[in-house]
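Undergrad:
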Amino acid sequence: MNAGPDPGLPRDYPAHWEADVILSDGGTAHIRPIRPSDGALLRPFWSRLSQRTIYFRYFNVRRGLSDEDIARTTNVDQWVRGALVALISGEIVALAHWEGRPRSAADAAGPPNAPGTPGTPGTPDAAGSRGGADGRPAPDAEVAFLVEDAQQGRGLGSVLLEHLAAAAAERGVRRFDADVLSENQQMIRVFLDAGYTVARTWESGGVRLSFDIAPTARSVDVMRAREHRAEAASMNRLLHPRAIAVVGAGRDRSSLGNIVLRNLLAGGFDGPVYPVNPAAAAGEGAVASVRAYASVEDTPRPVDLAVLCVSAEVIPAVVAACGRHGVRGLVVVTDQRDDAADARLASDARANGMRVVGPASLGIQNPAVGLNASLVERMPPAGRIGCYSQSGPLGGALLEAAAGRRLGFSVFVSAGDRADVSGNDLLQYWEADPSTGVALMHLETFGNPRKFARLARRLGRDTPIVVVLSERTPLDEALLRQAGVIGVDRVSQGLDVALLLANQPLPGGNRVAVVGDSRALVRFTARAADAAGLAVREVLLPVGSTAEAFRDALVSASAEVDALLVIAVRLPSSLPGLAAAGVGVAAGIGAAAAAPLVRVPLLATVRATEASPELGAIPAYPSPEGAVAALRRAVGYAHWRALPSGAVPATQVRAEEARRLVAGTTGRLTDGAAGELLACYGIEVVPRRVVGSADEAVEAAALLGWPVVLKALSDGYRHRPDLGGQRLDLPDPAAVHAAWRSLAERLGPGAPIVAQRMVPGGVAVVAGAEQHPRFGPLVSFGLAGPATELLGDRVHHILPLTDADAARLVRSVRAAPLLFGYRGAEPVDVAALEDLLLRLARLVDDIGGVKHLTLEPVIVSVDRVSVLSADIVLAPPTPRADAGPRRFWRPVADLPARPEPRAGSAQRVPTVHNRLP
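For my numbering, add 518 to where a residue sits in the sequence shown, where the first one is 1.
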């Protein structure tokens, strides 16, 4: 268990640096700042180090730690000198620290923080509470690591480097220097493989490594690749255990533990299964004819997986016992119904090196190894569908329905209350699992939506992902669509499309041939396909056609379409002649599917109580609507996969200057401040001046450039040119005076008016950005005007935004034809508009406190975009779950409250009108 509050902690102890992490072999550890009270843990840590490890760290042999050594190591200010420790089962297993020097006057003349540090969500600015430069570190610091011999090779050095760099950067350190012996190749590789640009200089017997610690594109890629391997490995340990203990395995056949035990024994698991039941163990008793043990610590080692079916109050003690016994993972069937207890369960397990499925989990299954550690007796055969369910009851329904359809699963995981293992962990596992060809998930929430989108987009390029998610919000829809995920409302729909994707190739387009010998059924199915947006060709065979006729028709049609949908009728056995004919037709369909010339997906609609076994692996559906819906979703997924993924352009921006401009600022920015911020990202706002008279308007025009525009600033007239609050294209002072008189007469005395240079005509659009509390940074786009607002023709895109995404975003609004020469109009500069959206995306990604940013109107003309007005509101930045070093995700419920979003935000867009690309 992680240590609780320490009365000896410094007042400014950086608790937000604490993190649970997954190691490269799938185990876990807890990272935290070193504490003054850690001396009692340092001595046993030192005793477990070999002389070779000590020599590599200190360049000489040291026999022990003096009191002075311990005091210096544990008493650091976490500014000039900082240190982190990694703990497993309450013992220190690794130490990392930086040794800096106080910032000098020469250092203070440079940038105060590492790139990306000021305003980083969830972290104080380096100036913090130190009161000026005196207590702050210089930009460079020495760094060193010490990892216990038994823990080396598990990735502790790499993950500690990530966290140490983030902590030091927060304090103002910009560069790490490390002196390493030439023969210590393992430590050298830690630095070189981290993705930083490392400078090397060789000195007598050693090498000096120096590198800037600001995250780079390569270091982020390296971190995410390691994250993928570690999380996949942690799932592999859970799903491929060598031995299993069922804690709470009672003798009552209706008890949860007894059910799990019997399912494990019946599933064919090859390893040992140990029931743990103190009462049954008395006198060498047994449960289900298997010897029982009084404690998990009494079972023979190793035990990789423990299934907990005990009362909630004893779970902490059981978790501790599992940690002491070296258990690698837990499946907690018990429903604790206590969020605090769930959090403690996850924390205790991770601190002891274990992952947790649950609590309130239905269990896990891996049919290929006979693992049925679940409450469901029925286990599907081994197959290509990987299944994850948040809901236990719905997971049970998935298993029963899959078995009824003869669907095979690679794995099944019921997450329950998701104290630890989530759907994102399964996405990581499936990417590395060759036996999973389709991912089927039931989700109630995305958890960490941005990470889900990143993982799903990557996995989806090779493996289709089907998500059952009812009551989806507009941003839920956007996330699924952008990541190429097939979203469905019901379990039956998810199984329908998974059945197709697991057994047939992807369609190359939307052309489908409907083949059958029943005019009514062929026509009915064709109409359903046409309504679903598929291009339909009807192939009607004579009534009573033979198996050969079906086979030949299917082979012939396959050359001209992208998918085949055949209608088969299986009649009752009470009509022996007709029933035999139906079986023959099914055999003909199966023969067509095996024909080498048929390279398109083949589906069957079987009008019967059950599908014919002669169809083999051909997906069979009881209704034409189900088959058509599954095919339509497969066509959509194939289309997404064929689209270019694009890249995030390396836009030249002044991000550091932008961060300094907004540091510590909240609320609505002035026009000048907003213009400065946008200029850092290459976005120019056309200058304007507030004027109080016609003469002032003429003076402003002379400064801004002729011709000019006069516009009312009153709320009722802003962005409403149809209300007569603007006078356009004024070429000279006389025109300005006349326009002023006209506006003053309409608006009344004292109404605010601005003068602005006239820009080329074009299409008016609105571009925006914001930090969403759940989905993170996003951008929005739509055409300007009240009609567009009324119809909700606004689209949103969750970051990252690639160049291909920006192109699709612009084209996804209903009014997009206006940008491309609608009814003879000249097309406008869409490329410049896409570039504007990409720059906005970069801004909102860099600046964590953008609550609301709207550019309205933006005039897109033939050769440019002109931003006429910008409204930017800043709020205190919120922590971003996808930023910084690897760590377990923190639920949104833990985030600080944010102000109520303004109208027009993605957080308040009506579901019924909002369309998303």
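Using N, Cα and C, we set each Cβ at its ideal position, and we do this for glycine too.
(1) Please look up how many angstroms separate the CB atoms of Asp1363 and Leu1317, rounded, as I've assumed it's under 8 Å.
(2) Glu666: buried (16+ other C-beta within 10 angstroms of its C-beta) or exposed?
(3) Tell me the DSSP secondary structure of Phe709 in three-state form.
(4) Based on Cα-Cα distance, which residue from Gly1366, Ser1384, Arg924 lies nearest to Val495?
(5) Going straight from the alpha carbon of Glu536 to that of Ala1047, what length do you get?
(6) Give the straight-line distance between the Cα atoms of Gly600 and Glu701, rounded to the nearest whole angstrom.
(7) CA-CA distance, Phe1042 and Pro1142?
(8) To the nearest angstrom, how far is the alpha carbon of Leu1018 from that of Leu1083?
(9) Enumerate in chain order the residues of its own chain whose CB-to-CB distance from Leu945 is below 8 Å, with the five nearest sequence positions on each side excluded.
(10) For Ser1163 versus Pro1278, is the C-beta distance shorter than 7 Å?
(11) In whole angstroms, give me the CA-to-CA distance for Ile762 and Val791.
(12) Under DSSP, the alpha helix (DSSP H) around Arg1206 begins and ends at which residues?
(13) Which residue comes first and which comes last in the alpha helix (DSSP H) that contains Arg1117?
(14) On a CA-only basis, which of Ala891, Ala1212, Ala1343, Gly914 is nearest Pro1460? Give me that one, please.
(15) Is the beta carbon of Leu1265 closer than 7 Å to that of Ala1230?
(16) Can you find the residues in the same chain that come closer than 7 Å, C-beta to C-beta, to Pro1249, ignoring five residues on each side of it along the sequence?
(17) Closer than 8 Å is the cut-off here; do at least three beta carbon pairs connect the stretch 1030-1039 with the stretch 1052-1059?
(18) Write down the C-beta distance between Gly965 and Asn942 rounded to the nearest angstrom, noting that I regard them as a contact closer than 8 Å.
(19) Could you tell me which residues DSSP puts in a beta bridge with Ala1031?
(20) Just to check my reading of the structure: Val874 and Val939 have Cβ atoms closer than 8 Å, yes? What is that Cβ distance to the nearest angstrom?
(21) Rounded to whole angstroms, what is the Cα-Cα separation between Asp739 and Gly713?
(22) For Gly775, which residues of its own chain have a beta-carbon under 6 Å away from its beta-carbon, when the five flanking residues on both sides are left out?
(23) Just to check my reading of the structure: Val1146 and Pro1023 have Cβ atoms closer than 8 Å, yes? What is that Cβ distance to the nearest angstrom?
(24) Could you check if Tyr811 is buried or exposed, using at least 16 other CB atoms within 10 Å of its CB as the buried criterion?
(25) Can you give the beta carbon distance from Arg654 to Gly690, rounded, assuming they're within the 8 Å contact cut?
(26) Note the first and the last residue of the continuous alpha helix (DSSP H) segment covering Gln1011.
(27) Taking all protein chains shown into account, decide if Gly1303 is buried (16 or more other Cβ within 10 angstroms of its Cβ) or exposed.
(28) Apart from the five residues on each side of it in sequence, which residues of its chain come closer than 6 Å, Cβ to Cβ, to Trp616?
(29) Going along the chain, which residues of its own chain have a beta-carbon closer than 6 Å to the beta-carbon of Phe787, five neighbours each way excluded?
(30) Mind checking who Trp1258 pairs with in its DSSP beta bridge?
(31) Quick check: the stretch 1315-1331 against the stretch 1340-1355, are at least 3 beta-carbon pairs closer than 8 Å?
(32) Let me check understanding here. Comparing Cα to Cα, which of Glu1194, Val1254, Arg1238, Gly1190 lies closest to Ala1212?
(33) Taking the alpha carbon of Arg855 as the point to measure from, which residue in Arg747, Gly871, Glu831 has its own alpha carbon closest?
(34) Put Gly775 into one of helix, strand or coil per three-state DSSP.
(35) In whole angstroms, what is the alpha-carbon distance linking Val1348 and Leu1337?
(36) Please classify Gly671: is it buried, with 16 or more other beta-carbons within 10 angstroms of its beta-carbon, or exposed?
TA: On the basis of the supplied data:
(1) Within the sequence shown, numbered from 1, the residue matching residue 1363 stands at position 845. Within the sequence shown, numbered from 1, the residue matching residue 1317 stands at position 799. Going by Cβ atoms, the distance from Asp1363 to Leu1317 rounds to 6 Å, so yes, they are a contact pair.
(2) Counted from its first residue, the sequence shown places residue 666 at position 148. By the neighbour-count rule (16 or more Cβ atoms within 10 Å), Glu666 is buried.
(3) Here the question's residue 709 lines up with position 191 in the sequence shown. In this structure, Phe709 counts as helix in the three-state DSSP scheme.
(4) The requested residue 495 does not occur in the structure, where the chain is confined to residues 519 to 1435.
(5) Mapped onto the sequence shown, residue 536 falls at position 18. Mapped onto the sequence shown, residue 1047 falls at position 529. Between the C-alpha atoms of Glu536 and Ala1047 there is a straight-line separation of about 55 Å.
(6) Locating residue 600 in the sequence shown gives position 82, where the first residue counts as 1. Locating residue 701 in the sequence shown gives position 183, where the first residue counts as 1. Going from the Cα of Gly600 to the Cα of Glu701 covers about 27 Å.
(7) Here residue 1042 corresponds to residue number 524 of the sequence shown, with the count starting at 1. Here residue 1142 corresponds to residue number 624 of the sequence shown, with the count starting at 1. The alpha-carbon atoms of Phe1042 and Pro1142 are separated by roughly 8 Å.
(8) Mapped onto the sequence shown, residue 1018 falls at position 500. Mapped onto the sequence shown, residue 1083 falls at position 565. Between Leu1018 and Leu1083, the C-alpha separation is close to 12 Å.
(9) Within the sequence shown, the letter at position 427 stands for residue 945. Same-chain partners within the cutoff: Ala957, Phe970, Leu973, Ala974, Leu977, Ile983.
(10) Here residue 1163 refers to the residue found at position 645 of the sequence shown. Here residue 1278 refers to the residue found at position 760 of the sequence shown. Cβ distance not < 7 Å, so Ser1163 and Pro1278 don't count as in contact.
(11) Taking the sequence shown and counting its residues from 1, the one referred to as residue 762 is at position 244. Taking the sequence shown and counting its residues from 1, the one referred to as residue 791 is at position 273. Their Cα atoms are separated by approximately 5 Å.
(12) Against the sequence shown, residue 1206 aligns to sequence position 688. Looking at the DSSP string, Arg1206 is not in any alpha helix (DSSP H); the run it does join, the beta strand (DSSP E), is 1206-1209.
(13) The residue given as residue 1117 occupies position 599 in the sequence shown. Secondary structure note for Arg1117: it is in no alpha helix (DSSP H), with a DSSP letter that is neither H nor E.
(14) The requested residue 1460 is not part of the displayed model; the chain covers only 519 to 1435.
(15) Numbered from its first residue, the sequence shown carries residue 1230 at position 712. Numbered from its first residue, the sequence shown carries residue 1265 at position 747. Yes.
(16) Numbered from 1 along the sequence shown, position 731 holds the residue referred to as residue 1249. Once the five neighbours on either side are set aside, the close Cβ partners of Pro1249 are Trp1224, Pro1225.
(17) yes
(18) For this step, residue 965 is matched to residue 447 along the sequence shown. For this step, residue 942 is matched to residue 424 along the sequence shown. 7 Å between Cβ atoms; contact.
(19) By one-based count along the sequence shown, residue 1031 stands at place 513. Per DSSP, Arg1055, Leu1082.
(20) By one-based count along the sequence shown, residue 874 stands at place 356. By one-based count along the sequence shown, residue 939 stands at place 421. Rounded, the Cβ-Cβ distance is 6 Å, consistent with contact.
(21) As a first step, residue 739 must be located in the sequence shown, where it is residue number 221. As a first step, residue 713 must be located in the sequence shown, where it is residue number 195. Distance between the alpha carbons of Asp739 and Gly713 is about 8 Å.
(22) Your numbering for residue 775 matches position 257 in the sequence shown. Closer than 6 Å at the Cβ level, and outside the excluded window around Gly775, lie Val764, Gly766, Ala767, Gly768, Cys827.
(23) As a position in the sequence shown, residue 1146 is number 628, starting the count at 1. As a position in the sequence shown, residue 1023 is number 505, starting the count at 1. That belief does not hold up - the Cβ atoms of Val1146 and Pro1023 are roughly 18 Å apart, past 8 Å.
(24) Within the sequence shown, residue 811 is the residue found at index 293, counting from 1. Only buried fits Tyr811, as 16 or more other CB atoms lie within 10 angstroms of its CB.
(25) Translated into the one-based positions of the sequence shown, residue 654 becomes position 136. Translated into the one-based positions of the sequence shown, residue 690 becomes position 172. About 5 Å; that satisfies the 8 Å criterion.
(26) For this step, residue 1011 is matched to residue 493 along the sequence shown. Where Gln1011 is concerned, the enclosing alpha helix (DSSP H) stretches over 1009-1021.
(27) On the sequence shown, position 785 is the one that residue 1303 refers to. Per the 10 Å Cβ criterion, buried.
(28) Translated into the one-based positions of the sequence shown, residue 616 becomes position 98. These residues qualify, in order along the chain: Gly600, Ala659, Val661, Ala686.
(29) For the purposes of this step, residue 787 is identified with residue 269 of the sequence shown, where counting begins at 1. Excluding residues within five positions, the ones whose Cβ falls inside 6 Å are Gly888, Leu889.
(30) Position 740 of the sequence shown, counted from the start, is the residue given in the question as residue 1258. Beta-bridge analysis with DSSP links Trp1258 to no other residue.
(31) The answer is yes - the stretch 1315-1331 touches the stretch 1340-1355, with three or more Cβ pairs under 8 Å.
(32) Residue mapping note: residue 1212 aligns to position 694 of the sequence shown, counting from 1. If we check each option's Cα against that of Ala1212, Val1254 comes out closest.
(33) Here residue 855 refers to the residue found at position 337 of the sequence shown. For Arg855, the nearest C-alpha among the options comes from Glu831.
(34) Residue mapping note: residue 775 aligns to position 257 of the sequence shown, counting from 1. DSSP places Gly775 in helix when its eight states are reduced to three.
(35) Here residue 1348 refers to the residue found at position 830 when the sequence shown is read from its first residue. Here residue 1337 refers to the residue found at position 819 when the sequence shown is read from its first residue. Answer to the nearest angstrom: the Cα atoms are 7 Å apart.
(36) As a first step, residue 671 is located in the sequence shown; it is residue number 153 there, counting from the start. With fewer than 16 other Cβ atoms within 10 Å, it is exposed.
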